[in-house]
Amino acid sequence: MISPETAPSLAGLSRLQALAATRAYLRNCGIEEADADARLLVFSAGGFDALGLLQNPDAGLTASQAARLEEFVRRRADREPATRIIGRRPFWTVDIAVRPNVLDPRADSEAVVRLALRMMTKRAASPSRILDAGSGSGALLCALLSEFPGAFGIAVDLSYDACDAARLNLAANGLATRAGVVRANWVDAFSGAFDLIVSNPPYLKSGEIRGLDPEVGGHDPHLALDGGPDGLAAYRTLFSRAPGALVSNGVLIVEHGLGQGAELREMARGYGLSEAGLEKDLAGRERTFAVQTDKS
Ligand SMILES: C[S@@+](CC[C@H](N)C(=O)[O-])C[C@H]1O[C@@H](n2cnc3c(N)ncnc32)[C@H](O)[C@@H]1O
Numbered sequence: 000m001i002s003p004e005t006a007p008s009l010a011g012l013s014r015l016q017a018l019a020a021t022r023a024y025l026r027n028c029g030i031e032e033a034d035a036d037a038r039l040l041v042f043s044a045g046g047f048d049a050l051g052l053l054q055n056p057d058a059g060l061t062a063s064q065a066a067r068l069e070e071f072v073r074r075r076a077d078r079e080p081a082t083r084i085i086g087r088r089p090f091w092t093v094d095i096a097v098r099p100n101v102l103d104p105r106a107d108s109e110a111v112v113r114l115a116l117r118m119m120t121k122r123a124a125s126p127s128r129i130l131d132a133g134s135g136s137g138a139l140l141c142a143l144l145s146e147f148p149g150a151f152g153i154a155v156d157l158s159y160d161a162c163d164a165a166r167l168n169l170a171a172n173g174l175a176t177r178a179g180v181v182r183a184n185w186v187d188a189f190s191g192a193f194d195l196i197v198s199n200p201p202y203l204k205s206g207e208i209r210g211l212d213p214e215v216g217g218h219d220p221h222l223a224l225d226g227g228p229d230g231l232a233a234y235r236t237l238f239s240r241a242p243g244a245l246v247s248n249g250v251l252i253v254e255h256g257l258g259q260g261a262e263l264r265e266m267a268r269g270y271g272l273s274e275a276g277l278e279k280d281l282a283g284r285e286r287t288f289a290v291q292t293d294k295s
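With numbering that gives the first Met the number 0 as the guide, the letters of the sequence shown map in order to residues 0 to 295.
Right, dumping it as structure tokens:
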């Protein structure tokens, strides 16, 4: 294992050499996703993409590109996630700015978008009002509004930083005119208006937070991770209050942690909600389910 102090000098290297040196260094540092992360960092620091690398592998990095990449590599070796270093994350078909103190959205959450598309195509009409409860960066709402061009959406979060990030991401994706951002506690500010509510609430047990990898525990905000003693506190609130914010037969879709699905579906039934569909993540693990109120 090499320490961050021995990060390589990348000055004078070609694109291809810089990629190889970055990859090798990150691997030696024990970074699991060394290959993918090296590409993200090199492309971002060098201002080229995979095609640019293929077409011009021997082009040299400029001095400022090399210095930028050296800084990126030191930060990654220090266990800062690559997406936070470059400040971007592709999510579904939208581009999301990853900001300090706001959860870095994960590809697993795209299961919520897939389930929403399936649930909404079963209905006669597309949703006209969507609420993203605990919206963080606004990734889910951006993806949903891009899929439902006739819809208006609200992003709700308790964190000021998250609200700022959602505003920025909605605007950057050309969705600001169809969206609002509200700082509030879950769905408390609303009644009876939404066809679809999605939520990826915090779902870790409080006691699990200390054992998290530094990439997660050291960078994603506590408010986005801590789901209370059993990890399920936010779901109790959502299952009890979301029906009041939905139209008749509106749909609530929640993401959850691994292994929490059965207990949560049982909990939802206890709140009088009927199960309406579930979806797995890309690794085939249950990640999200939909419920409906029995109102008609
Ligand atoms: C796991 S993150 C999900 C963020 C985003 N939806 C995503 O999937 O990337 C949970 C979010 O819930 C927010 N949150 C926590 N408690 C909340 C509350 N009482 N009311 C509203 N939002 C809350 C956090 O600030 C955080 O942004």
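Just so it is clear, CB atoms sit at the ideal spot from N, CA and C, and this is done for glycine as well. Predicted model, so just to flag it, every value in this text is computed and none were measured.
{"Query": "Best match in Glu146, Tyr24, Ala132 and Leu169 for proximity to Asp156 [C-alpha to C-alpha]", "Result": "Ala132"}
{"Query": "Three-way DSSP call (helix, strand, coil) for Pro92 in this model", "Result": "Looking at the sequence shown, residue 92 is not Pro but Thr. Thr92 falls in the coil class under three-state DSSP."}
{"Query": "Nearest-angstrom Cα separation, counted from Met119 out to Phe159", "Result": "For the record, residue 159 in the displayed sequence is Tyr; it is not Phe. Cα to Cα, the separation comes out at about 31 angstroms."}
{"Query": "Collapsed DSSP secondary structure at Arg264 in the structure displayed", "Result": "helix"}
{"Query": "Distance, Arg122 Cα to Gly276 Cα", "Result": "13 angstroms"}
{"Query": "Inter-residue Cα distance where the pair is Pro7 and Leu231", "Result": "45 angstroms"}
{"Query": "Three-state class that DSSP yields for Asp103 in the structure shown", "Result": "coil"}
{"Query": "Distance between Ala164 and Gly271 (C-alpha atoms, nearest Å)", "Result": "34 angstroms"}
{"Query": "Arg286, DSSP secondary structure in three states", "Result": "strand"}
{"Query": "Proximity to Leu139 [Cα-Cα], best of Phe189, Leu68 and Ala115", "Result": "Ala115"}
{"Query": "Alpha-carbon spacing of Asp280 relative to Ala110, whole angstroms", "Result": "6 angstroms"}
{"Query": "Pro89: CB within 7 angstroms of a non-hydrogen atom of ligand 1", "Result": "no"}
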